[in-house]
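>
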Amino acid sequence: MYCEEEDDSIVPRKRYKFGNFTFVKPDPNFKMPRLFCCNNTHTDGVYKPHVQLDVNESNKGKENNKPTNLLNNVNKRDDTKNSKPQVVIIPSTPKLPPKLPINYGASTSNDSDVPSLFKQNASTIVSRTPIQPQNAMEFEDDFFDDSDFEEVLKEHSKLIACTSVVSKGDDIKEDTKTSPEVICIDDSFEFSDEFPYPEIRNKEVNDEILFSDDDDDSRDDMHGKFRGFLVDDGDEFQNESDHLKEEVVRHMYTYLKRDFGHDDFRHRQKAAVIASLAGNDVFILMPTGAGKSLCYQLPAAIEHGVTVVISPLRALIDDQCKKMNSIAIKTEKLTSDVSSSAAEKIIAELVSHKNNIKLLYVTPEKIAASPRFMSVLKDLNREGRLRRFVIDEAHCVSQWGHDFRPDYAKLKTLRDNFNVPRVPIMALTATATPKIVTDTQRLLGMTTSKLFLSSFVRTNLKYDVVEKSAANTKKLIESVIKQYPVGSGVLFCFSKNDCSSTKKLLDTLGVSSVIYHAGLSDKERREAQEKWMSGKARIVCATIAFGMGIDKPDVRFVIHMSMPKSIEGYYQESGRAGRDGLPSYCAILYNYTDCVKLRRFVEDDIDNGDGTVTVKSDIIKKMHHDNINEMIAYCESVSVCQRKLLVEHFGEIYDSADCLKDPNTVCRNCGDRRKGKYVHYDMTDVAITCLESIKQMSLTVKQLSECLRGKSKLIEDKGKKQLNKTSTLVNLPMYGKAPYLTDNDACRFMIKLITDGYALEDVQAINYGSNSTIVGYVRITDEGNKFLSSINKTNFYIYMPQKIGAASNGALKRVLVEEAEAQKEKYKIKHKYVYDKAKVSLNQLRATLAKDENFSNVTRIFTDKAIDQLAAILPRTNTELLSIDQMTPFKVKKYGSNIMSTLKEFWELVDKDDHAKMTRELEILTSNANQLIAAPVRNVPKSRGSSFTRGSTSRRGFSRGGRRNFRK
Numbered sequence: 014m015y016c017e018e019e020d021d022s023i024v025p026r027k028r029y030k031f032g033n034f035t036f037v038k039p040d041p042n043f044k045m046p047r048l049f050c051c052n053n054t055h056t057d058g059v060y061k062p063h064v065q066l067d068v069n070e071s072n073k074g075k076e077n078n079k080p081t082n083l084l085n086n087v088n089k090r091d092d093t094k095n096s097k098p099q100v101v102i103i104p105s106t107p108k109l110p111p112k113l114p115i116n117y118g119a120s121t122s123n124d125s126d127v128p129s130l131f132k133q134n135a136s137t138i139v140s141r142t143p144i145q146p147q148n149a150m151e152f153e154d155d156f157f158d159d160s161d162f163e164e165v166l167k168e169h170s171k172l173i174a175c176t177s178v179v180s181k182g183d184d185i186k187e188d189t190k191t192s193p194e195v196i197c198i199d200d201s202f203e204f205s206d207e208f209p210y211p212e213i214r215n216k217e218v219n220d221e222i223l224f225s226d227d228d229d230d231s232r233d234d235m236h237g238k239f240r241g242f243l244v245d246d247g248d249e250f251q252n253e254s255d256h257l258k259e260e261v262v263r264h265m266y267t268y269l270k271r272d273f274g275h276d277d278f279r280h281r282q283k284a285a286v287i288a289s290l291a292g293n294d295v296f297i298l299m300p301t302g303a304g305k306s307l308c309y310q311l312p313a314a315i316e317h318g319v320t321v322v323i324s325p326l327r328a329l330i331d332d333q334c335k336k337m338n339s340i341a342i343k344t345e346k347l348t349s350d351v352s353s354s355a356a357e358k359i360i361a362e363l364v365s366h367k368n369n370i371k372l373l374y375v376t377p378e379k380i381a382a383s384p385r386f387m388s389v390l391k392d393l394n395r396e397g398r399l400r401r402f403v404i405d406e407a408h409c410v411s412q413w414g415h416d417f418r419p420d421y422a423k424l425k426t427l428r429d430n431f432n433v434p435r436v437p438i439m440a441l442t443a444t445a446t447p448k449i450v451t452d453t454q455r456l457l458g459m460t461t462s463k464l465f466l467s468s469f470v471r472t473n474l475k476y477d478v479v480e481k482s483a484a485n486t487k488k489l490i491e492s493v494i495k496q497y498p499v500g501s502g503v504l505f506c507f508s509k510n511d512c513s514s515t516k517k518l519l520d521t522l523g524v525s526s527v528i529y530h531a532g533l534s535d536k537e538r539r540e541a542q543e544k545w546m547s548g549k550a551r552i553v554c555a556t557i558a559f560g561m562g563i564d565k566p567d568v569r570f571v572i573h574m575s576m577p578k579s580i581e582g583y584y585q586e587s588g589r590a591g592r593d594g595l596p597s598y599c600a601i602l603y604n605y606t607d608c609v610k611l612r613r614f615v616e617d618d619i620d621n622g623d624g625t626v627t628v629k630s631d632i633i634k635k636m637h638h639d640n641i642n643e644m645i646a647y648c649e650s651v652s653v654c655q656r657k658l659l660v661e662h663f664g665e666i667y668d669s670a671d672c673l674k675d676p677n678t679v680c681r682n683c684g685d686r687r688k689g690k691y692v693h694y695d696m697t698d699v700a701i702t703c704l705e706s707i708k709q710m711s712l713t714v715k716q717l718s719e720c721l722r723g724k725s726k727l728i729e730d731k732g733k734k735q736l737n738k739t740s741t742l743v744n745l746p747m748y749g750k751a752p753y754l755t756d757n758d759a760c761r762f763m764i765k766l767i768t769d770g771y772a773l774e775d776v777q778a779i780n781y782g783s784n785s786t787i788v789g790y791v792r793i794t795d796e797g798n799k800f801l802s803s804i805n806k807t808n809f810y811i812y813m814p815q816k817i818g819a820a821s822n823g824a825l826k827r828v829l830v831e832e833a834e835a836q837k838e839k840y841k842i843k844h845k846y847v848y849d850k851a852k853v854s855l856n857q858l859r860a861t862l863a864k865d866e867n868f869s870n871v872t873r874i875f876t877d878k879a880i881d882q883l884a885a886i887l888p889r890t891n892t893e894l895l896s897i898d899q900m901t902p903f904k905v906k907k908y909g910s911n912i913m914s915t916l917k918e919f920w921e922l923v924d925k926d927d928h929a930k931m932t933r934e935l936e937i938l939t940s941n942a943n944q945l946i947a948a949p950v951r952n953v954p955k956s957r958g959s960s961f962t963r964g965s966t967s968r969r970g971f972s973r974g975g976r977r978n979f980r981k
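Its first residue numbered 14, the sequence shown is counted upward by one per residue in the numbering used here.
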């Protein structure tokens, strides 16, 4: 290992391109790092006992121990007496035929940029044995592992010709003129000049180097695994012979290849198909593009009888019917666009014993409103010809879901009506949180169903959030069109008017597009979809009703022109991009006023279209407001990986280092963090003055941010009353305390006060005249009062742009505080009893490890501060572990397995607590005292009270205030 004194800033050396080769210019001032491992067995950077040199090479080094003229020409130095060995990386030529002389001195043009060093001829090179350790046990040193040795050896050993020819033991002739201080390294070795071996202080970069190539299956952390309350049953059904007869298994693979054209199953498809064929209830939670449809289409093709598929969109039904019939799997549909005569023919064929229909697609309305159809299904069930019910987009069943539909709620009658004989149910969704999964299983009567999960990570998608403005909108669209000259795109719009205005913008840019929304006729929507699917129109401007289940592989970008209403909805809609696996782009044009529009619709009742409205209960409204809060958190986050925020919303653990693997798809936050755009600042004093001001006057987040920046002096109420003109913002303690903040950063600061629990936002619907508006007033909480009154206050840290510090003229101080230390107190309070137990176990682990290492001082393993952070945060990934106090990549590699094994018990405790809380919420939601949605009623006055007042402190989950008037 290198001493810290030698760990200076690393400056990349100049490179030269020559044909297929890349050359690195040597550093004439190269300084050999001091080494302190292995008891001084290193000499000139080489671990001598591990190097096996050819005899001729060894003698050559003794005879020619001075730098050659060739190296002198590069260094341009006369005095070479004390010069250190220089390192030059020369790629090999693996495509050369074996046993032929390799001419490294191929002629070049006179105007080549390649230095003279690389223009010298090398006629022959001596044959030698590739370097191998004499004894494998010699590597097993606590402070010097194999990977460390290889890096040092490759950079500082004598001449090594590591080509594919050498690796096969073929002869290579010697060039006695070649300098022994020039290294030729096989170009299959991934060499990074920017990141040599010495430990870099930037932990994020270290983490990328250390963990980026790890096999997920061999990791000790939870990356790629789901939290404890989601248990995947896939392993139980990996061996088909344990559950199915040999004939069924043979048919399964035959149909898979012959009809569907696949040589093998994708992740968890096989297990889901086997479980379904075995007669189990099945719940499939897989992201868009993971192949959920095959999980019921293949069993339907194999079995005798009909599978009834309940799907919410006719466009999706049409698409699936066309595909299945094209591969000779007879499929029919009973939807509103099917004529009465055609529907009668389908019913007649169903009841006929000569029925060949394998798949029957219907809408949930058909199940809920057609007694005759239900009677036909019961007859089929008595005759054993009804194989299963498939409920697509099953999250619509749960009222916790982002797209709840009342007709879906009526599907809970399927279990009661088709329980003798029992008809299996398969539920499919791409966007269900653990709470929605639990609720859906309970409502459908399939609590014993087999659950199959697939990763929510879409590695080929780049996620971004862009500040919304007219200029940015045009610039973003122009940019993605230029970046992706081939392929299609989807622009999701908030309303029909937004669809039309977006299309006009695309017309001015000369881009072909269509619009798709509920205001169009069935024919117009079908024509628009077909035009886009066929490539005649490159972009579709659509409301969120578009795209569910539509399989168009070449969608290169999905842009939300306004903030989506939930994380689940955004994940599903953005998932239309990159279904062919190629890099694609997903962005949100975000402005805080978007959440005000969304909150308006949360407060509105549901228009049933028949003169009645459905009244939402307060608990349902609060649930939707919380969804909006989570979406705001995602859009406003500057320090957390956006891919991690999305994936972990669904219960899957994700290591943010994985996001850094591909620079083409790294999310905006990870990219900005690597550039050091945002840093930690201590704004405790500002937080105190803000909370003192909030106690004096209730204002919106927007008004508070303007006050903090000293931009607004008088507040007027838009209602009947007006504040006394002497009651100005100037009199508040916070007025003008942070003029160096931008409007966005000031708003982010106020929101963090709320998300940290020091304040809350009371959202109210207010009438004045014929208009109404929704306003969010910020109020202090008990925690905020406690913070103000405490003598030893905890520090209030927040990420801000680096430039803010310079603009503050010294008023704002950057703090080099670790993220783990900043989060520790919050987690200690959240899981107090788990923290206490974990701290005891971690101290025991530290003592054991110190004893094994013969360390009298246990803090050489982990510091007390590290133990405290580990017990509070309970890190589940290597990156989170690396954020702990004085935790280095070396320690993570050496002790990570022990730490994760110790923490596993406490992860389970936290998951158990969260699951119990989730269950209690579901029980409250469905209790008689809290009706979710009332029955349709006429002339019901709209609720104007706040649906959530106190206690709504979800992280970043609040409107920044402001008003948006609208007519009743």
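Quick reminder that beta carbons are idealized off the backbone N, C-alpha and C, glycines included.
On the DSSP bridge assignment, give the partners of Arg722 in chain order.
None; Arg722 has no bridge partner.
> Who does Thr713 pair with in a DSSP beta bridge?
DSSP lists no partner for Thr713.
> I'd like the ranges of any beta strand (DSSP E) spanning at least 3 consecutive residues and lying wholly in the region 771-796.
772-781 and 784-793
> Taking only the alpha-carbon atoms, compute the straight-line gap between Ser513 and Val571 and give it to the nearest angstrom.
17 angstroms
> How many angstroms separate the CA atom of Glu249 from the CA atom of Lys708?
58 angstroms
> Thinking C-beta only, is Gly500 closer than 8 angstroms to Arg569?
yes
> Using the rule of at least 16 other Cβ atoms within 10 Å of the residue's Cβ for burial, across every protein chain shown, is Lys925 buried or exposed?
exposed
> Note down, in chain order, each residue of its chain lying with its Cβ closer than 8 angstroms to the Cβ of Ser462, except the 5 sequence neighbours on either side.
Taking Ser462 as the centre and dropping the five residues before and after it, the same chain places the C-beta of Asn293, Asp294, Val295, Phe296, Ile438, Ala440 and Gln454 closer than 8 angstroms to its C-beta, in chain order.
> Report the partner residues of Ser526 according to the DSSP bridge assignment.
Ile552
> Between which two residues does the alpha helix (DSSP H) harbouring Thr451 extend?
Its alpha helix (DSSP H) spans residues Pro447 to Leu456.
> Would the beta-carbon of Leu504 fall within 8 angstroms of that of Thr521?
no
> I'd like to check one pair, Lys765 with Ile701: are the Cβ atoms closer than 8 angstroms?
no
> If you compare alpha carbons, which of Val628, Tyr603 and Asn604 is closest to Val615?
Val628
> Compute the distance between the beta-carbons of Gln899 and Thr876, then report whether it is under 8 angstroms.
yes
> Please name the residue or residues paired with Asp477 in a DSSP beta bridge.
Ala600
> Just reading off the beta strand (DSSP E) that Pro888 is part of, what are its end residues?
Counting along the chain, Pro888 falls outside any beta strand (DSSP E), and DSSP gives it neither H nor E.
> Reducing DSSP to helix, strand and coil, say where Phe663 ends up.
coil
> For Glu406, name the three-state secondary structure that DSSP assigns.
coil
> Which residues in the same chain as Leu399 place their Cβ atom closer than 8 angstroms to its Cβ, once the five residues preceding and following it in sequence are excluded?
Gly318, Val319, Val321, Leu390, Leu393, Phe431 and Val436
> Per DSSP, what are the beta-bridge partners of His573 in this structure?
Phe505 and Ile601
> What's the C-alpha gap between Arg792 and Pro447?
32 angstroms
> Around the Cβ of Pro377, are there at least 16 other Cβ atoms within 10 angstroms (buried) or fewer (exposed)?
buried
> Skipping 5 residues on each side, what residues in its chain have a beta carbon closer than 8 angstroms to that of Pro577?
Once the five neighbours on either side are set aside, the close Cβ partners of Pro577 are Phe505, Ile557, Tyr583, Glu586, Ile601 and Met644.
> By a C-beta neighbour count over all protein chains shown, 10 Å radius and 16 as the cutoff for buried, is Lys481 buried or exposed?
buried
> May I ask you to report which of helix, strand or coil DSSP gives Leu223?
The pLDDT assigned to Leu223 is 42, lower than 50, so where the model puts this residue is not dependable; a value taken from the coordinates is nonetheless given after this. Three-state DSSP puts Leu223 in a helix.
> What is the residue span of the beta strand (DSSP E) that Tyr374 lies within?
Leu372 to Val375
> Looking only at DSSP bridge pairs, what is Tyr432 linked to?
With the sequence shown as reference, residue 432 is identified as Asn, and Tyr is not the correct amino acid for it. Asn432 is bridged to Arg435.
> Taking all protein chains shown into account, do 16 or more other C-beta atoms lie within 10 angstroms of the C-beta of Ser289, making it buried, or fewer, making it exposed?
buried
> With H, G and I counted as helix, E and B as strand and the rest as coil, what does DSSP make of Val470?
coil
> Taking the alpha carbon of Gln282 as the point to measure from, which residue in Lys270, Glu260, Val262 and Ser306 has its own alpha carbon closest?
With distances taken between Cα atoms, Gln282 lies closest to Ser306.
> Counting beta carbon pairs with one atom in the region 273-282 and one in the region 412-421, are three or more of them shorter than 8 angstroms?
no
> I need the straight-line Cα distance from Val410 to Met636, nearest angstrom please.
15 angstroms
> Around the C-beta of Ala772, are 16 or more other C-beta atoms found within 10 angstroms, so that it is buried, or is it exposed?
buried
> Just to confirm the assignment: which complete alpha helix (DSSP H) runs, minimum length 4, are found wholly within the region 906-931?
none
> How is the beta strand (DSSP E) around Ile874 delimited, first residue to last?
Ile874 -> no beta strand (DSSP E), and no H or E assigned at all.
> Mapping DSSP to helix, strand and coil, what is Phe239?
Three-state DSSP puts Phe239 in a strand.
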